[in-house]
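*Asks:*
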Amino acid sequence: MMSLADLYVAQPFWIWLAIGVLLLAVEAMFSTEWLLWPAVSAGVVAVMTAAGVRLGLPGEVAVFAVLTVIATLLSRRLISKANPDGPDINDRDSRLVGQRARVVETFVSGRGRVFISGAEWPAEIVGEAPVEGQDVVVIRVNGSLLTVQSPV
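Taking my numbering, the leading residue of the sequence shown gets 903, the next gets one more, and so forth.
Spelled out as structure tokens, the structure:
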């Protein structure tokens, strides 16, 4: 049976392609955005080795690392230019601020439950307590507790 080192010597393309696909699969599962550019960089190194550019393992790892750092920094810069004031698209909680939620459990002593973004959340109310079924607006998120108020 062929070892991994033998496979790398014979066809480094497949090793780098497998690394890229694995990183991309983990990125798709968790949507972190941190593994997208390493996956692309591994794909570039795979294409480079398939084209016959053989730098040896240390050289290929160096190219992979440099491409990953450059692509990640450029993407961060592009994202900050494209969305300078907006929240991080991966921060679900901060995107809830300003959104309407529906009261699903009556507020007792200032605490109740609301439905927003496909899930029920515990909430505390600022001001007058709404009745079940009424809409409220999220004004703050503290962990899993939403602070809401009746819409103005």
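We put the CB at the ideal spot given by N, CA and C, even for glycine.
#1: State the DSSP-derived secondary structure class of Val1054, mapped to helix, strand or coil.
#2: Where does the unbroken alpha helix (DSSP H) through Pro914 begin, and where does it stop?
#3: Comparing alpha-carbon positions, which option in Val923, Ala930, Gln1036 lies nearest Arg1002?
#4: Quick one: using the 10 Å Cβ neighbour count with 16 as the cut-off for buried, is Gly1033 buried or exposed?
#5: Under a Cβ-count criterion, where at least 16 other Cβ atoms within 10 Å of its own Cβ denotes burial, should Val1028 be classed as buried or exposed?
#6: Near Pro1053, which residues of its chain fall below 8 Å by C-beta distance, leaving aside the five closest residues on each side in sequence?
#7: According to the neighbour-count rule (16 or more other Cβ atoms, all chains shown, within 10 Å of its Cβ), is Val963 buried or exposed?
#8: Anyone know if the C-beta pair for Leu925 and Pro940 falls short of 8 Å?
#9: Assuming Glu1026 and Gly1012 form a contact by the criterion Cβ under 8 Å, report the distance between their Cβ atoms to the nearest whole angstrom.
#10: At the level of alpha carbons, what is the spacing between Glu929 and Glu935?
#11: In this structure, how does DSSP classify Arg873 when only helix, strand and coil are distinguished?
*Replies:* The answer reads as follows:
#1: DSSP places Val1054 in coil when its eight states are reduced to three.
#2: 914-932
#3: Gln1036
#4: Looking at the sequence shown, residue 1033 is not Gly but Val. Sixteen is the threshold: since fewer than 16 other Cβ atoms of the shown chains lie within 10 Å of the Cβ of Val1033, the residue is exposed.
#5: Val1028 should be labelled exposed.
#6: Arg1002, Asp1037, Val1038, Val1039
#7: exposed
#8: yes
#9: Between the beta-carbon of Glu1026 and that of Gly1012 there is about 5 Å, and that keeps the pair under the 8 Å contact cut.
#10: 7 Å
#11: The shown model of the chain, from 903 to 1054, leaves out residue 873, and the question about it has no answer.
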